[in-house]
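Only one structure is covered here, and it is reproduced in the block below.
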Amino acid sequence: MGNVVSLTNVAKTFRQKTAVEHINFSIGKGEIVAILGPNGAGKTTTISMMLGLLKPTSGDITLFNSLPHEKQVRAKIGTMLQEVSVTPGLRAGEIIELVRSYYPKPLSFQKLTALTGLTEKDVKTRSEKLSGGQKRRLSFALALAGDPELMIFDEPTVGMDITSRNCFWQTVKTLADRGKTIIFSTHYLQEADDAAQRILLFKDGRIVADGTPLQIKSKISKHSVSFMADPEKSLEKLYQHPEIEQISRKNNRIYIDTTNTDKILELLFTEKIGAYDIQIERANLEEAFRQLTGKGDDVK
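The working numbering applies: residue 350 is where the sequence shown begins, and numbers increase by one.
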């Protein structure tokens, strides 16, 4: 399986400020890849370079083994950017038909509306009267119009309600199953955890983690075990074990922070403290994001 996207030692500098610092990655056919990171981490700059909207200061970028701005490459790409710009005065359906006419083998109008959840009422509505969510669905339809091999989405679900989001991600998975390659950025970490097969996590222009959501989460050392226990039983013996980092109580539950949940479960039974209703809380993607980037205010 060949690479659809390849970045080799890519850097981008704006007026002495480095936005992207010598990054390397490749993406294969049919992958769903999330690009995550705090604001200013280099995500949008990287996407812009992949699309040929910006030239790298140094390094090489190829899409389908060619340069991003080449005509044969652009015909294989569908994009959905943060800012939705639609032609005023035209109905949504007219805009879709206009964009379809640019491609030699576009998806059918019916296929596009079915994939994106646009209703008959939506396509008859003038673009300036579309809601934010309707504009996002229209933008999605335009991105798919040419039946592209590579799709790049920048914050695709902003403005969508929960039903539209679920529809969007189900469509993305269907497209990937058909061999389409999808790259997206998002501040909704649960979306990345659920939809992405792979995550590229950016910090200060560099990639600080690259792996599956499970691999990214496994980089976090801290997990927790919580349980109920007989209040008359002492927990003193637990404090003596090095695997336990912290013990706290909340709403009559006891919480233990640890790097080794299996060992804690063993201790709970060997120390005979009367633990019951035991729950294990593994690290989540939000916590991984915070630990690996040092930030968390701009994620949801």
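Even for Gly, the Cβ is constructed at its ideal location relative to N, Cα and C.
In terms of alpha-carbon separation, which member of the options lies closest to residue i?
{"i": "alanine 541", "options": "Ser397, Lys566, Lys552", "result": "Lys566"}
{"i": "aspartate 510", "options": "Gly466, Leu402, Ile605", "result": "Gly466"}
{"i": "lysine 522", "options": "Glu585, Val382, Ile376, Val369", "result": "Val382"}
{"i": "valine 472", "options": "Ile622, Glu636, Ile444", "result": "Ile444"}
{"i": "leucine 385", "options": "Ile622, Gly560, Lys586, Lys582", "result": "Gly560"}
{"i": "lysine 612", "options": "Leu430, Val557, Leu587", "result": "Leu587"}
{"i": "cysteine 516", "options": "Lys568, Glu477, Leu461", "result": "Leu461"}
{"i": "alanine 490", "options": "Ser480, Ser457, Gly508", "result": "Ser457"}
{"i": "alanine 463", "options": "Thr520, Glu636, Asp606", "result": "Thr520"}
{"i": "valine 435", "options": "Gln459, Leu403, Glu477", "result": "Glu477"}
{"i": "tyrosine 604", "options": "Gln589, Leu584, Lys621, Glu620", "result": "Leu584"}
{"i": "valine 369", "options": "Gln589, Val557, Gly508", "result": "Val557"}
{"i": "leucine 479", "options": "Trp518, Gln365, Lys599, Pro437", "result": "Pro437"}
Can you give me the C-alpha to C-alpha distance between residue i and residue j, rounded to a whole angstrom?
{"i": "leucine 356", "j": "phenylalanine 374", "result": "5 Å"}
{"i": "alanine 624", "j": "threonine 608", "result": "19 Å"}
{"i": "leucine 412", "j": "methionine 399", "result": "8 Å"}
{"i": "phenylalanine 502", "j": "isoleucine 532", "result": "6 Å"}
{"i": "phenylalanine 576", "j": "aspartate 543", "result": "28 Å"}
{"i": "glutamine 672", "j": "valine 359", "result": "Since the first residue of the chain shown is 350 and the last is 649, residue 672 is not available in this structure."}
{"i": "leucine 651", "j": "glycine 401", "result": "Here the chain covers residues 350 to 649 and nothing more, so residue 651 does not appear."}
{"i": "proline 505", "j": "histidine 371", "result": "27 Å"}
{"i": "aspartate 409", "j": "arginine 631", "result": "39 Å"}
{"i": "phenylalanine 638", "j": "proline 405", "result": "26 Å"}
{"i": "valine 433", "j": "serine 597", "result": "47 Å"}
{"i": "glycine 481", "j": "leucine 614", "result": "49 Å"}
{"i": "glutamine 564", "j": "glycine 508", "result": "30 Å"}
Under a Cβ-count criterion, where at least 16 other Cβ atoms within 10 Å of its own Cβ denotes burial, should residue i be classed as buried or exposed?
{"i": "aspartate 333", "result": "A question about residue 333 goes unanswered here, because the residues of the chain that appear run from 350 up to 649."}
{"i": "phenylalanine 618", "result": "exposed"}
{"i": "glutamine 483", "result": "buried"}
{"i": "proline 387", "result": "buried"}
{"i": "arginine 485", "result": "buried"}
{"i": "proline 580", "result": "exposed"}
{"i": "histidine 418", "result": "exposed"}
{"i": "isoleucine 468", "result": "Note on residue identity: the sequence assigns threonine, not isoleucine, to residue 468. Exposed, because fewer than 16 other Cβ atoms sit within 10 Å of the Cβ of threonine 468."}
{"i": "leucine 634", "result": "buried"}
{"i": "isoleucine 361", "result": "Going by the sequence as given, residue 361 is lysine instead of isoleucine. The residue is buried, with at least 16 neighbouring Cβ atoms inside 10 Å."}
{"i": "phenylalanine 363", "result": "exposed"}
{"i": "leucine 538", "result": "buried"}
{"i": "serine 407", "result": "exposed"}
{"i": "threonine 512", "result": "exposed"}
{"i": "proline 562", "result": "buried"}
Output needed for residue i: all residues of its chain with C-beta closer than 7 Å, excluding positions within five of it in sequence on either side, in chain order.
{"i": "glutamate 380", "result": "Thr530, Gln546, Arg547"}
{"i": "glycine 427", "result": "Ala492, Leu493, Gly495, Pro497, Met500"}
{"i": "serine 415", "result": "Gln421, Val422"}
{"i": "aspartate 330", "result": "The displayed coordinates of the chain run from 350 to 649. Any statement about residue 330 would go beyond what the structure contains."}
{"i": "lysine 425", "result": "Phe413, Pro497, Glu498, Leu499"}
{"i": "leucine 430", "result": "Asp503"}
{"i": "glycine 528", "result": "Lys378, Gly379"}
Less than 7 Å separating the Cβ of residue i from some heavy atom of the ligand NAD?
{"i": "arginine 440", "result": "What this structure holds is no ligand at all, so the ligand NAD is not there to describe."}
Excluding five sequence neighbours on each side, which residues of the same chain lie with their C-beta closer than 8 Å to the C-beta of residue i?
{"i": "threonine 474", "result": "Arg440, Ala441, Gln483"}
{"i": "alanine 390", "result": "Phe551, Lys552, Asp553, Gly554, Thr642"}
{"i": "asparagine 601", "result": "Met577"}
Going along the chain, which residues of its own chain have a beta-carbon closer than 6 Å to the beta-carbon of residue i, five neighbours each way excluded?
{"i": "threonine 610", "result": "His572, Val574, Ile629"}
{"i": "asparagine 352", "result": "Ser375, Gly377"}
{"i": "valine 354", "result": "Ile376, Leu412"}
{"i": "leucine 487", "result": "Ala441"}
{"i": "arginine 514", "result": "Thr506"}
{"i": "threonine 367", "result": "Gly554"}
{"i": "arginine 449", "result": "Pro455, Ala494"}
- prompt: Counting pairs of Cβ atoms below 8 Å between the stretch 579-595 and the stretch 635-644, do you hit three or more?
  reply: no
message: For the structure I just gave you, are there three or more beta carbon pairs, one from the stretch 390-402 and one from the stretch 449-456, closer than 8 Å?
response: no
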